[in-house]
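A.B. asks: For the sequence shown, this note's numbering begins at 30 and goes up steadily by one. Where a beta carbon is used, it is the ideal one built from N, C-alpha and C, also for glycine. All values derive from a computational prediction rather than experimental measurement.
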Amino acid sequence: MRQVGGSRDTIQISSSIARKAYEEGVAIMCQDAQVDPRFKAGESIRFLGIRAALCVPLKVEDKVLGLIYVDTPVKVKAYEDFDLDLLSALSGYAALGIQQAQLRAVIEEERQAKARLERYHSPSVVSRILDAGAVGEAMTLQVREVTGTILFSDLVGFTTLTEDMPPSEVARMLNTYFSRMTDAIFAHEGTLDKFMGDAIMAIFGAPILSEDHARRAVLCALEMRHALKELNEENADSPPLRFRIGINTGPVVAG
30 MRQVGGSRDT IQISSSIARK AYEEGVAIMC QDAQVDPRFK AGESIRFLGI RAALCVPLKV
90 EDKVLGLIYV DTPVKVKAYE DFDLDLLSAL SGYAALGIQQ AQLRAVIEEE RQAKARLERY
150 HSPSVVSRIL DAGAVGEAMT LQVREVTGTI LFSDLVGFTT LTEDMPPSEV ARMLNTYFSR
210 MTDAIFAHEG TLDKFMGDAI MAIFGAPILS EDHARRAVLC ALEMRHALKE LNEENADSPP
270 LRFRIGINTG PVVAG
């Protein structure tokens, strides 16, 4: 947008000149677009009364990212070779700046995607999901019916245990407990589905398919038991935690 006389007007350019520079990736200078045979006095040129014009592509290797465009209706030789060279030099710096900004945006998007995935998946599963996406294999996240194994666990007597505890102490205890259990789930490439109060739900066999999902779930349960035993030994002065685990294998909708 540009402001003229206190009002805002949309900037209009010659689509004929811009299209040629963009599609061919070449810098263009013309002294009178009305008679220049390259443009055959296109409709936008006549309508806008364009005479002299400069148009330089913002180009990195063979990819055009945008254009730098200037024109004037003045019937004189408005632009020189120096102007074209200067604009071409500026376009190179601008194109590199745009490319770097785009790369930073892609990297940040990938970082955020990885951070979201890491909340629910083991590092090895995250790596395989991202690798699949990089080669266009988005099927790992498509909604589909598969055979998988679900693991549920919850603490025994949690309400009675915590009813007299300060909230901060309950939060500390749950954070420590969930952290140990999550490590066990991720160690066997399980997917952490959710925490529900003091309960945990984990999935084996999705989103990355595996033939041994039931075995992984059972091994995970055994490791969770071992982790809870160690946690109780470390907190010998506190009431011991006990939990129950349920495992079931069958068809699930995953994605």
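Grab me the residues of Phe181's own chain with a C-beta within less than 6 Å of its C-beta, minus the 5 sequence neighbours each way, in chain order.
C.D. replies: The answer, listed in chain order, is Met230, Gly275.
A.B. asks: I need the straight-line Cα distance from Leu117 to Lys69, nearest angstrom please.
C.D. replies: In the sequence as presented, Leu is not what sits at residue 117; that position holds Ser. Cα-Cα distance, rounded: 25 Å.
A.B. asks: Apart from the five residues on each side of it in sequence, which residues of its chain come closer than 8 Å, Cβ to Cβ, to Ser208?
C.D. replies: If we look at Ser208 and ignore the five residues flanking it on each side, it has no Cβ neighbours.
A.B. asks: For Val3, I'd like the list of residues in its chain whose CB is within less than 7 Å of its CB, leaving aside the five on either flank, ordered along the chain.
C.D. replies: For residue 3 there is no data in the structure shown, the boundaries of the chain being 30 and 284.
A.B. asks: How would you write the range of the alpha helix (DSSP H) that Pro196 sits in, first residue to last?
C.D. replies: Run containing Pro196: 196–216, per the alpha helix (DSSP H) assignment.
A.B. asks: Do the CB positions of Asp112 and Leu87 come within less than 8 Å of each other?
C.D. replies: For Asp112 and Leu87, no; Cβs fall outside 8 Å.
A.B. asks: Tell me where the alpha helix (DSSP H) around Asn261 begins and ends.
C.D. replies: Taken as a continuous stretch (DSSP letters only), the alpha helix (DSSP H) holding Asn261 covers 242–263.
A.B. asks: Taking Val172 as the reference, which of Ala283, Leu77, Pro195 has the closest Cα?
C.D. replies: Measuring from the Cα of Val172, the nearest candidate turns out to be Ala283.
A.B. asks: Among the candidates Asn261, Val175, Arg244, whose CA atom is the shortest distance from the CA of Thr205?
C.D. replies: When only C-alpha atoms are compared, the closest one is Asn261.
A.B. asks: Over what stretch of residues does the alpha helix (DSSP H) that includes Ile74 continue unbroken?
C.D. replies: Where Ile74 is concerned, the enclosing alpha helix (DSSP H) stretches over 72–77.
A.B. asks: How should Val85 be labelled, buried or exposed, when 16 other C-beta atoms within 10 angstroms of its C-beta is the threshold for buried?
C.D. replies: Val85 is buried by the Cβ-count criterion.
A.B. asks: Please confirm whether Ala235 and Gly177 have their CB atoms less than 8 Å apart.
C.D. replies: Yes; because the gap between Cβ atoms is below 8 Å, this pair is in contact.
A.B. asks: Tell whether a beta-carbon distance below 8 Å holds between Arg80 and Pro102.
C.D. replies: Yes, Cβ-Cβ distance for Arg80 and Pro102 is below 8 Å.
A.B. asks: If you reduce the DSSP assignment to three classes, tell me which class Tyr108 lands in.
C.D. replies: Looking at Tyr108 - three-state DSSP - the assignment turns out to be coil, as it is neither helix nor strand.
A.B. asks: Exposed or buried, His319, counting other C-beta atoms within 10 Å across all chains shown (16 or more means buried)?
C.D. replies: Here the chain has residues from 30 to 284 only, and residue 319 is not among them.
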